[in-house]
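Residue numbers (this note's numbering): 349 to 560. Glycine is no exception: its CB is placed at the ideal position from the N, C-alpha and C atoms. For clarity, every value in this text was computed on a predicted model and none was experimentally measured.
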């Protein structure tokens, strides 16, 4: 804590504000350091987060109330460092900064890792679904282009060169349409695999957290 006090004191004399300030000038002037500490604890922020606040508030001449901040942060961490929140944090892909005590981590970390597993499975499923939608959109686009070119070829009054150019483009679009259809089939196969894997992960993990 003495080290943190020293860093905060040094930073308090630097009139510099980051482009991505952790606190607005209004928040600095209000000075609710207990509320800020509690929120940072609730979000699993590192102790060094106070340095960011000190830098943000230095421009308006405000120095953090360190005891109030850390006291409230500890209270926030007691809510953060639970297995329920660990699972939520993992599932939302939030970074864990090692802020929980070893005793708290015995429950927090396994749940966090389970949440990460669910997140990765759900992300893979979302990506597979997106790949299939993209391939299907390409099929529709190339089919529309092919139809348009074939109509163009049926027009009267075209020169030989114009017809040859249109036929060349029709061949290209047909190749693109074939590629899109092959991509769609691969995407469908991948989606089926990912769906099975996702169901397997949810069966293995989700029951502990009410996910089926």
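### Query
Excluding five sequence neighbours on each side, which residues of the same chain lie with their C-beta closer than 8 Å to the C-beta of residue 501?
Position 153 of the chain shown, counted from the first residue, corresponds to residue 501. Only 511, 514, 515, 518 meet the Cβ criterion.
### Query
Secondary structure at residue 475, three-state DSSP: helix, strand or coil?
The residue you call residue 475 lines up with position 127 of the chain shown. DSSP places residue 475 in helix when its eight states are reduced to three.
### Any chain E beta carbon closer than 9 Å to residue 470
Of the protein chains in the structure, only one exists, and it is not chain E.
### Query
If you draw a straight line from the alpha carbon of residue 480 to that of residue 526, how long is it in whole angstroms?
On the chain shown, position 132 is the one that residue 480 refers to. On the chain shown, position 178 is the one that residue 526 refers to. Answer to the nearest angstrom: the Cα atoms are 15 Å apart.
### Task
Return the first residue and the last residue of the alpha helix (DSSP H) that residue 386 is part of.
For the purposes of this step, residue 386 is identified with residue 38 of the chain shown, where counting begins at 1. For residue 386, the uninterrupted alpha helix (DSSP H) run begins and ends at 381 to 390, by DSSP.
### Task
Grab me the residues of residue 408's own chain with a C-beta within less than 8 Å of its C-beta, minus the 5 sequence neighbours each way, in chain order.
Taking the first residue of the chain shown as 1, we reach residue 408 at position 60. Correct list, in chain order: 373, 376, 377.
#### Entry: Coil, strand or helix - residue 407 by DSSP
Position 59 of the chain shown, counting from 1, holds the residue named residue 407. The answer is coil: DSSP assigns residue 407 none of H, G, I, E or B.
#### Entry: Per-residue burial, residue 556 [other beta carbons within 10 Å of its own, 16 or more giving buried]
Locating residue 556 in the chain shown gives position 208, where the first residue counts as 1. Classification of residue 556: exposed, given that the 10 Å Cβ count is below 16.
#### Entry: Same chain only: Cβ atoms within 6 Å of residue 384, ignoring 5 sequence neighbours per side
The residue labelled residue 384 in the question sits at position 36 within the chain shown. Taken in chain order, the list of residues that qualify is empty.
### Message
Tell me which residues share the same chain as residue 559 and place their Cβ nearer than 8 Å to its Cβ, disregarding the 5 neighbours each side in the sequence.
### Response
Numbered from 1 along the chain shown, position 211 holds the residue referred to as residue 559. Here the set comprises 466, 550, 553.
### Query
Going along the chain, which residues of its own chain have a beta-carbon closer than 7 Å to the beta-carbon of residue 369, five neighbours each way excluded?
Locating residue 369 in the chain shown gives position 21, where the first residue counts as 1. The residues 404, in chain order, have a CB closer than 7 Å to that of residue 369 in the same chain once the five nearest residues on each side in sequence are set aside.
### Message
Report the start-end ranges of each alpha helix (DSSP H) in the region 409 to 494 that is 4 residues or longer and not cut off at the edges.
### Response
Entirely contained in the region 409 to 494, the alpha helix (DSSP H) runs reaching 4 residues are, in chain order, 414 to 428, 431 to 439.
#### Entry: Contacts around residue 494, its chain only, beta-carbon distance under 8 Å, and the 5 residues preceding and following it disregarded
In the chain shown, the residue the question calls residue 494 occupies position 146. Taking C-beta separations shorter than 8 Å and ignoring five residues to either side along the sequence, the partners of residue 494 in its chain run 518, 521, 522, 525, following chain order.
### Message
So, with DSSP's three-state summary, where would you put residue 509?
### Response
Indexing the chain shown from 1 puts residue 509 at position 161. In the structure shown, residue 509 sits in a helix (DSSP, three-state: H, G or I).
### Task
Quick one: measure Cβ to Cβ for residue 390 and residue 428, integer angstroms, because I've assumed they're closer than 8 Å.
Counted from its first residue, the chain shown places residue 390 at position 42. Counted from its first residue, the chain shown places residue 428 at position 80. Indeed, because the Cβ distance is near 5 Å, the residues count as touching under 8 Å.
### Message
I need the DSSP call for residue 395, collapsed to helix, strand or coil.
### Response
One-based indexing of the chain shown puts residue 395 at position 47. In the structure shown, residue 395 sits in coil (DSSP, three-state: anything other than H, G, I, E or B).
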